[in-house]
Amino acid sequence: MTAPTPPFRDPQLPFAKRVDDLMSRLTLDEKTAFLHQFAPAVERLGIAAFRTGQEALHGVAWMGPATVFPQAVGLGATWNEDLVHRVGEAVSKEARAMRARDERVGLNVWSPTVNLLRHPLWGRNEEGYSEDPKLTSAIATAYTRGLRGDHPTYWRTAPVLKHWLAHNNETARDTSSSSVRPRVLHEYDLRAFRATVEAGAVAGVMPAYNLVNGRPNHLSPDLGRHLRTWTEEDLLVCSDAGAPSNLVDSEHYFDTHEEATAAALRAGVDSFTDHGTDPSKIVARVRGALERGLLTEADVDAAVRRQLSVRFRLGEFDPGHDPHADVRDFDTPEHRALAREAAEQAVVLLKNDGLLPLASDTRVAVVGLLADECKLDWYSGTLIHRSTPLEGLYERFGADRVSFAEGVDRVRLRTADGTFLHVVPSGDAPAEGRGTEAALDPALLAGRTDLPPLTTDAAGTELALVDWGEGVLTLRAPDGRYLSVAEDGFLRASADQPGGWVVQETFRLEPHGDGHLLRHTGTGRLVQVAADGVKVAEEDDTDGEVFELVVAERGEEAVTRAAAGADVVVVVAGNDPHINGRETEDRTTLRLPAHQERLLRAARAANPATVLALVSAYPYAVDAEALPAVLWTAHGGQAAGTALARVLAGDVSPAGRLPQTWYADDADLPALLDYDVIGGRQTYLYFEGTPLFPFGHGLSYTSFGYADLTARVGEEAVSVSFTVTNTGEVAADEVAQLYARAESPSVPRPRRELLAHRRLSLAPGASARVSFEVLLSALAFWDVARGRWRLEPGPYALLVGASSEDVRLSTTVTVDGEPAAPRPVRERGLDAADFDEQSGTEIVDRTRTTGDAVTPVGGGTGELLYRACDFGAATTGVTVSVAGEGTVELALGDGPWTAALSPAAPTAGPYDYVELTCAFTAGGVHDLRIRLRGSLRLAHVGFSG
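Counting from 257, one number per residue, gives the positions in the sequence shown under this note's numbering.
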């Protein structure tokens, strides 16, 4: 007799009932094992192994060859949801096709990244879409919908948003705390996540490494308080790699891993990415927490249920019904065309004094360190096709009309005995770069040891030296291989490109006497010359070879020769995504590296008709005034070079728009760890200076006119319409942008804020009517006096144009709303973090699980301001809830400090609060100032009378 089909295998039942049935069949040990990233098979039930996590930020990554699209910041620069939706579709189809031949390819994709690009020095700027929440959520929603697919039941892939929350620094990223006031939390950091989750194509989120308000993100109460209230779908929360262990090992938030794991699970983490493919430690920690009563089986069940919900949606238990099971679309002509289209749409024309586009008979010199490069980043797949700017220009203008100079410094390194470093010919073709083999964790890929180490001889080998900034160098052999250090410590010319979690292809030259020591940055060790070859010193050895740098040719000399013989020079400058500004490493400056500045100056001096093409993962501060034309594109994937050449030639009119502000100088930037975009006047929303190029900026080869603006306020939305006309002679895209500004705000509001945008294609002379329906709730702000959103009544300016600063049309509408009212402090008191303004303070965790408190930075002195506090007819006393050691002082308005409270002795710990009371006389409505001194945490202030 055939055994009956268990309910969890019945595709006619709702997923929830099937999950219930499967949960009832699993033992506690089996459920516990599911909590690790690599969930094992349950053979007795016919359940396969499963892993969370497949990188797919701009193509399937880490699993070998795949279509490589532009970096995420480049996709953001397209301002084109339809395009990004199609990219998401292509990526998810390739994931399915790759999984069909390699079951290690996962369908729970850890993409996209929706962290806002608040600070342009963030090392992972390339991973985000924009500094603006609205644009970020629009692009992220498009990508996740493409990844998910459009079947009502079964998902092609299951996207996980990264990284929850307020995460914009690599410096001390696992121990630093982002101080995020309630207005910034709701109006800025949560908004991109919320709108994307509410759109219905998100399977989960990944918490970030950092802490927010003193509490690790993997314990964030907002996972339950906010995230899981935005959708009826079960959301799977996957930890970042190693983050669960960080709770004890680096953050010291708990004493034991059992406590930490239990707290993370209870906070809402469902899948623990820790210790690679080995689940034993996580399983042991969960079992230990269960034995100690820190967890219940119901806690485990909640997490496993959410994981199983995703697996059911992916069709794992219904192979005969999964409409995506037979998808084999991989490296198709359509995907190649889409990669080129995306790369073309990502190009932003920043400045053009008429030099562009180039005529087809132009003699072009293409120069620069990135002129013949197609760079990949940490989250790229392996290139199947490759196009560099040089190759693109060859193809478009003909090799006879294109000259090239890379601009490297050509050097030899002479040792103390007069010999030179020598690269021994290996006799085989250059190997493919690190990452060409599929690897669940490419950080584990080792360098090559099959090639001979460097030696020394009388003639030596001329090396191509590039200084990428901060004194970080690469050295490349004549055969194109970079000098690298493998696990055995020897230097070899073995790497196709710099790369890896710890880059092994970078060095520093450190002055020493009349020469230089050569330090390998990956190991931190000095380079030595030994009888068996050139290698890095042993760990305890501080001796290194002293080298003399013998320069055969400076890069600017080659650039000058090429530039002088051309009609136009294209300088291709930018970054290597694995060096100076990447995951684990923030940048220190907006400036171009000095080596590239030298090349740019040389090109300009030799030929004033110089175009600067920046190919980079982030903004730069450059001297645009001295240049007739400037473009920017993110690293554009496999079709980057072709796309750039087509834009330069005018085959495509550029229509990319900046997704973040380009600041003119480092002095314009806030501190890297200052997350208060309101108080710090950050991003285009609040920045009051003059940017180099503003948010939304981008030029075209044609011109556009805007006319006939109308706006009508309804009960729930404002309807805005206007006409855009191509007034030039070239077919092109325009990105029409709608902004708003509160004209009479009661609190600081954005200078202007993006409400909507649309990318549209127009033939010469053609017009299009653009209409937007904007919910009135988009004009609201988070009112800390009420602890909720409030739409303020009054006039709002509506601004229409081609960028945040290029406003072509404007009108004012009057909106009904809820008037401001004083804070009812007699009834509700004040939560300390609900201030209007502050100086010298930071927000910290009130307890390990929930709530905020405020403390002076570094145990010094800080001040808080609460506006319009209603003290009633007669307030006579104040009570403060504090922990630690120090003093709280209170004053009304600009008056004197009239109350001071201090604990008699320091409290036992930072979470051991005491209530202190003293006389305090007030009546009516006043601003309240509170001054904090010492290592004191203030949680709440109450008033009586």
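Ideal placement from N, C-alpha and C gives every residue a C-beta, glycine not left out. On a predicted model such as this, the values are computed, not experimentally measured, just so you know.
Open item on the list: For a quick check, are the C-beta atoms of Leu848 and Tyr874 less than 8 Å apart?
Closed with: Here residue 848 refers to the residue found at position 592 when the sequence shown is read from its first residue. Here residue 874 refers to the residue found at position 618 when the sequence shown is read from its first residue. Not closer than 8 Å, so no.
Open item on the list: Which residues does DSSP list as the beta-bridge partners of Pro926?
Closed with: Locating residue 926 in the sequence shown gives position 670, counting from the first residue. Partner(s): none; Pro926 has no beta bridge.
Task: beta strand (DSSP E) segment containing Asn982, residue limits - done: Reading the sequence shown from its first residue, position 726 is the one you call residue 982. Per DSSP, Asn982 belongs to the beta strand (DSSP E) from 973 to 982.
Task: Extent of the continuous alpha helix (DSSP H) to which Ile395 belongs - done: Mapped onto the sequence shown, residue 395 falls at position 139. 389 to 404 is the extent of the alpha helix (DSSP H) around Ile395.
Open item on the list: Rounded to whole angstroms, what is the Cα-Cα separation between Phe325 and Tyr635?
Closed with: Reading the sequence shown from its first residue, position 69 is the one you call residue 325. Reading the sequence shown from its first residue, position 379 is the one you call residue 635. In a straight line, the C-alpha of Phe325 is about 11 Å away from that of Tyr635.
Task: Whether Ala448 touches Ser506 by CB criterion (8 Å) - done: Taking the first residue of the sequence shown as 1, we reach residue 448 at position 192. Taking the first residue of the sequence shown as 1, we reach residue 506 at position 250. Against a cut-off of 8 Å, the Cβ pair of Ser506 and Ala448 comes out as no contact.
Task: CB of Leu1011 within 8 Å of CB of Val1056, strictly - done: The residue you call residue 1011 lines up with position 755 of the sequence shown. The residue you call residue 1056 lines up with position 800 of the sequence shown. No, they are not a contact pair.
- [ ] Apply the 10 Å Cβ neighbour rule to Thr866 and answer buried if 16 or more other Cβ atoms are within range, or exposed otherwise.
- [x] As a first step, residue 866 is located in the sequence shown; it is residue number 610 there, counting from the start. Classification of Thr866: buried, given that the 10 Å Cβ count is 16 or more.
Open item on the list: Leu805 and Ala793 - do their beta-carbons sit closer together than 8 Å?
Closed with: Here residue 793 refers to the residue found at position 537 when the sequence shown is read from its first residue. Here residue 805 refers to the residue found at position 549 when the sequence shown is read from its first residue. Cβ atoms of Ala793 and Leu805: not closer than 8 Å.
Open item on the list: I'd like to know whether the C-beta atoms of Pro1020 and Ala973 end up nearer to each other than 8 Å.
Closed with: To locate residue 1020, count along the sequence shown from 1; it is residue 764. To locate residue 973, count along the sequence shown from 1; it is residue 717. No; because the gap between Cβ atoms is not below 8 Å, this pair is not in contact.
Task: Opposing strand residues paired with Met462 [DSSP bridges] - done: Position 206 of the sequence shown, counted from the first residue, corresponds to residue 462. According to DSSP, Met462 bridges with Lys418.
Open item on the list: By the DSSP assignment, the alpha helix (DSSP H) with Gln563 in it spans what residues?
Closed with: For the purposes of this step, residue 563 is taken as the residue at position 307 of the sequence shown. 553 to 569 is the extent of the alpha helix (DSSP H) around Gln563.
Task: Runs of beta strand (DSSP E) wholly within the region 727 to 756 (minimum 3 residues, chain order) - done: 729 to 732, 738 to 741, 747 to 751
Task: DSSP state of Glu1171 mapped onto helix, strand, coil - done: As a working note, residue 1171 is residue 915 in the sequence shown. Residue state, collapsed to three classes: strand.
Task: Identified DSSP bridge partners for Gly1057 - done: Here the question's residue 1057 lines up with position 801 in the sequence shown. Gln993, Val1063, per the DSSP bridge assignment.
Open item on the list: With the cut-off set at 8 Å, would you say His375 and Leu914 are in Cβ contact?
Closed with: Sequence index remark: in the sequence shown, residue 375 carries index 119 (1-based). Sequence index remark: in the sequence shown, residue 914 carries index 658 (1-based). Taking 8 Å as the Cβ cut-off, His375 and Leu914 do not qualify as a contacting pair.
Task: His591 versus Thr644, Glu647, Glu345, residue with shortest Cα-Cα distance - done: Within the sequence shown, residue 591 is the residue found at index 335, counting from 1. His591 has its Cα closest to that of Glu345, out of Thr644, Glu647, Glu345.
TODO: Mark Glu971 as exposed unless 16 or more other C-beta atoms lie within 10 angstroms of its C-beta, in which case mark it buried.
DONE: As a position in the sequence shown, residue 971 is number 715, starting the count at 1. When all chains shown are included, Glu971 counts as exposed.
TODO: Can you give me the start and stop residues for the beta strand (DSSP E) that Arg791 sits inside?
DONE: The residue given as residue 791 occupies position 535 in the sequence shown. In the sequence on display, residue 791 carries Lys and not Arg. Lys791 -> beta strand (DSSP E) spans 789 to 792.
Task: Helix, strand or coil at Ala685 according to DSSP, with G and I counted as helix - done: The residue labelled residue 685 in the question sits at position 429 within the sequence shown. Low local confidence applies: a pLDDT of 48 at Ala685 is under 50, so the model's placement there is unreliable, with the coordinate-based value given in what follows. Ala685 falls in the coil class under three-state DSSP.
Open item on the list: Between which residues of its own chain and Leu1184 is the CB-CB distance below 6 Å, once the five residues before and five after are set aside?
Closed with: Taking the sequence shown and counting its residues from 1, one reaches residue 1184 at position 928. Here the set comprises Tyr1122, Cys1125.
Open item on the list: the ligand COA and Glu454: does any heavy atom of the ligand fall closer than 7 Å to the residue's C-beta?
Closed with: As for the ligand COA, it is missing from this structure, which has no ligand bound.
- [ ] Report yes if the C-beta distance between Asp989 and Leu955 is below 8 Å; otherwise report no.
- [x] On the sequence shown, position 733 is the one that residue 989 refers to. On the sequence shown, position 699 is the one that residue 955 refers to. No, the pair does not count as a contact, with Cβ atoms beyond the cut-off.
- [ ] Grab me the residues of Leu729's own chain with a C-beta within less than 8 Å of its C-beta, minus the 5 sequence neighbours each way, in chain order.
- [x] Here residue 729 refers to the residue found at position 473 of the sequence shown. For Leu729, where only same-chain residues beyond five positions count, the Cβ hits under 8 Å are Leu721, Val722, Asp723, Thr762, Phe763, Arg764, Leu765.
Task: Within 8 Å, strictly: CB atoms of Thr898 and Ile640 - done: Taking the sequence shown and counting its residues from 1, the one referred to as residue 898 is at position 642. Taking the sequence shown and counting its residues from 1, the one referred to as residue 640 is at position 384. Contact: no.
Task: Thr369 and Leu313 closer than 8 Å at C-beta - done: Walking along the sequence shown from the start, residue 369 turns up at place 113. Walking along the sequence shown from the start, residue 313 turns up at place 57. Their beta carbons are under 8 Å apart, which means Thr369 touches Leu313 by this criterion.
Open item on the list: Pull the bridge partners of Gln894 from the DSSP assignment, please.
Closed with: For this step, residue 894 is matched to residue 638 along the sequence shown. Bridge partners of Gln894: none, in fact.
- [ ] Below 8 Å on the Cβ atoms is my guess for Ala1175 versus Gly1133; work out the distance and round it to an integer in Å.
- [x] Here residue 1175 refers to the residue found at position 919 of the sequence shown. Here residue 1133 refers to the residue found at position 877 of the sequence shown. The Cβ separation is near 6 Å, so the contact holds.
Task: Classification of Val679 by the beta-carbon crowding that lies within 10 angstroms, buried from 16 upward - done: Taking the sequence shown and counting its residues from 1, the one referred to as residue 679 is at position 423. Buried, by the Cβ-count rule.
Task: Whole-number beta carbon distance between Leu605 and Asp555, since they are thought to touch under 8 Å - done: To locate residue 555, count along the sequence shown from 1; it is residue 299. To locate residue 605, count along the sequence shown from 1; it is residue 349. Their Cβ separation, rounded to whole angstroms, is 54 Å, which puts Asp555 and Leu605 out of contact at 8 Å.
TODO: With Gly800 as the anchor, note down where its alpha helix (DSSP H) starts and where it stops.
DONE: Here residue 800 refers to the residue found at position 544 of the sequence shown. First-last for Gly800: undefined, no H or E at that position.
TODO: Please confirm if the region 853 to 865 is in contact with the region 881 to 894, defined as three or more CB-CB distances below 8 Å between the two stretches.
DONE: yes
Open item on the list: Taking 8 Å as the threshold (C-beta atoms), are Thr452 and Ala396 in contact?
Closed with: The sequence position of residue 396 within the sequence shown is 140, counting from 1. The sequence position of residue 452 within the sequence shown is 196, counting from 1. Contact flag set, yes.
Open item on the list: Please report the straight-line C-alpha distance between Val969 and Pro1049, rounded to a whole angstrom.
Closed with: Against the sequence shown, residue 969 aligns to sequence position 713. Against the sequence shown, residue 1049 aligns to sequence position 793. Each residue's alpha carbon lies about 12 Å from the other.
- [ ] Assess, as a yes-or-no matter, whether the region 407 to 416 is touched by the region 463 to 470 under the definition of 3 or more beta carbon pairs within less than 8 Å.
- [x] no
Open item on the list: Here's the rule: buried if 16 or more other CB atoms are within 10 angstroms of the residue's CB, otherwise exposed. What is Leu1193?
Closed with: Along the sequence shown, one-based indexing puts residue 1193 at 937. The sequence given here places Arg at residue 1193; Leu does not occur at that position. Buried, by the Cβ-count rule.
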